[in-house]
Amino acid sequence: MLEIALILLLITSVAAIQTRYLRHAVIYLGLFSLAIAFVYLLYHAPDVAIAEAVIGSTIATILYLVALQKYKIFTIYYRLQDEEIGDSTYLSHSKQDLIKVLEKFCTKQELEAQIIYSKETIEAIKANHQYALIIEEIKGVVRITVHPENYKLDALTAFLENERRFKHAYAILPVEEDLL
Amino acid sequence: MNDHSQLNARTLPIVFPMILIFGFYVIVNGHVSPGGGFQGGAILASVFIAKYLGNPIKTLNLYKVQNIEKVLLLFLFVLMTGFVTLSIHMILHGSLIFYIILANILIGLKVACGFTIIFYRFVFYESR
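The listed protein sequences correspond, in order, to chains A and B. Each residue of the first sequence is one higher than the last, beginning at -3 in our numbering. Each residue of the second sequence is one higher than the last, beginning at 298 in our numbering.
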C-alpha cells in the first residue's frame, strides 16, 4: 500500500511539472497533497495527515484557482483616432488582422480576450481603467502600450515575431512603473 | 468564479453545517483523537472559503475579523501565562482537560480568523 502511494506521489509531482496548462498543474498538486496525506497516515502521523489534507488539498488549491482566475481576463483597448471613427475603416480586414492575431495569442495562453474600442486618450485609459494592452495606429505604425505589470510581455513579443500573417510595422512601448 | 453556478450556490449551504460540526468536533476532541486547534481551525476556515465559491460576498469588514483575532490571541496569551505562573488548572477543579479544551478552542478560532483574513485579503485586493 505504501509503495503504491509513493509511486503515486512521483507520478503526480512529475505530471504537475510537465503539464502545459497551469490549471491541470493545480489539480495535480491537490492530488499530490491527498497522496502525501495518505503516506503520513501510513507512517502513523494522523495529525500531520489532517493538516496536510485540509491545507494542501483545500485551501491552497482554491487560492491557486482564484489567482489563475484573477489573471485570466486580458483587456485590450483599441484606441481609435478621430478620422477613423467617421469612415469605419477600422472594421476593414487590414486592421482586424491585428485583433485576430491577438485573439489567437490569448487562446494559446488560456486567456480570455476582452477587446474595447475607445476614443479616450491614452493617459485617460491609463488613469481610469484596468488594461493589459493599449493599441493605436498612427500613420500605419501600430503602437502597443503595455501595462507595467503585464507578465505576458515576453510571450507576446515572441508570438508576434513568429506569426507570419502579421506583417504590420509595430512598436511595443512598455510603461515605466510609478514608484510611489 | 464571479459567474458562480446555481449548482454550487444551492448545494454548498447544505454542506456548511456539516463542515462546521466536523470542525468543532476536531477541535473539541483534539486531546483524545487526531486533530486539534490548528487542524480544526483550518477546517472552519474552509467554510468561509467555500462560501466564497458558492455565493461571492463583496463586502466583509476585514478589520473586524482582525480585531477578533487579536482579542482571541490576547485571551490565549492570558490563559497560557496563567497556566504557567498561577496554575489555573488547580483552580479549574484540578483537572487539565478543561485547560486543554479551552486552549484548543481559542487556537482553533484564531486560526480560522487568520485563514479567512488571508483568503479574503487575497481575493479583494491582490488584483491587477
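Cβ atoms here follow ideal geometry from the backbone N, Cα and C, with glycine treated the same way. These figures come from a predicted structure and were not determined experimentally.
Within-8 Å CB hit, residue i to chain B
i: residue 58/A; result: yes
i: residue 141/A; result: no
i: residue 43/A; result: yes
i: residue 175/A; result: Because the pLDDT at residue 175/A is just 47, under 50, the model does not fix this residue reliably, and the value given afterwards should be weighed accordingly. Cβ-Cβ to chain B under 8 Å: no for residue 175/A.
Contact belief for residue i with residue j at Cβ below 8 Å, rounded distance in angstroms
i: residue 400/B; j: residue 371/B; result: Wrong, their Cβ atoms sit about 14 Å apart, outside the cutoff.
i: residue 70/A; j: residue 109/A; result: 5 Å
i: residue 46/A; j: residue 332/B; result: 5 Å
i: residue 55/A; j: residue 316/B; result: At roughly 13 Å, the Cβ-Cβ gap does not stay under 8 Å, so residue 55/A and residue 316/B are not in contact.
i: residue 118/A; j: residue 130/A; result: 6 Å
Amino acids of chain A, ordered along the chain, whose beta-carbon sits closer than 9 Å to that of residue i
i: residue 339/B; result: 46, 47, 50, 51, 54 and 55
i: residue 319/B; result: None at all; the shortest Cβ gap to chain A is about 10 Å.
Residue i versus residue j: straight-line alpha-carbon distance, rounded
i: residue 361/B; j: residue 349/B; result: 18 Å
i: residue 104/A; j: residue 19/A; result: 14 Å
i: residue -1/A; j: residue 37/A; result: 13 Å
i: residue 116/A; j: residue 139/A; result: 15 Å
i: residue 205/A; j: residue 314/B; result: A question about residue 205/A goes unanswered here, because the residues of chain A that appear run from -3 up to 176.
i: residue 8/A; j: residue 34/A; result: 14 Å
i: residue 398/B; j: residue 11/A; result: 42 Å
i: residue 48/A; j: residue 330/B; result: 17 Å
i: residue 100/A; j: residue 328/B; result: 57 Å
i: residue 311/B; j: residue 64/A; result: 27 Å
i: residue 29/A; j: residue 23/A; result: 10 Å
i: residue 62/A; j: residue 421/B; result: 11 Å
i: residue 102/A; j: residue 150/A; result: 14 Å
i: residue 126/A; j: residue 392/B; result: 60 Å
i: residue 159/A; j: residue 51/A; result: 43 Å
i: residue 408/B; j: residue 107/A; result: 35 Å
i: residue 405/B; j: residue 16/A; result: 38 Å
i: residue 308/B; j: residue 318/B; result: 17 Å
Beta carbon proximity, residue i to chain D, threshold 8 Å
i: residue 22/A; result: Given the protein chain composition of this structure (A and B), no chain D is represented.
Contact list for residue i against chain B, beta-carbon separation under 7 Å
i: residue 35/A; result: By Cβ distance, chain B contributes nothing, its closest Cβ being about 15 Å from residue 35/A, past 7 Å.
Residue-chain proximity (residue i, chain A), Cβ-Cβ < 8 Å
i: residue 346/B; result: yes
i: residue 405/B; result: no
i: residue 314/B; result: no
i: residue 336/B; result: yes
i: residue 310/B; result: no
i: residue 416/B; result: yes
Residues that residue i contacts on chain A, provided the C-beta gap is smaller than 7 Å
i: residue 411/B; result: Within chain A, no residue comes near residue 411/B; the closest Cβ sits about 11 Å away, beyond 7 Å.
i: residue 343/B; result: 50, 54 and 55
Proximal residues of chain A, C-beta to C-beta of residue i below 8 Å
i: residue 420/B; result: 62
i: residue 333/B; result: 43
Complete beta strand (DSSP E) runs within the region 112 to 141 of chain A (minimum length 3 residues, chain order): Within the region 112 to 141 of chain A, the complete beta strand (DSSP E) runs of at least 3 residues are 129 to 134.
Residue ranges of each alpha helix (DSSP H) within the region 323 to 362 of chain B, 4 or longer: Counting whole runs of 4 or more residues, the region 323 to 362 of chain B contains the alpha helix (DSSP H) stretches 334 to 351.
Any beta strand (DSSP E) of 3 or more consecutive residues that is wholly inside the region 14 to 56 of chain A: Segments of the beta strand (DSSP E) lying fully in the region 14 to 56 of chain A: there are none.
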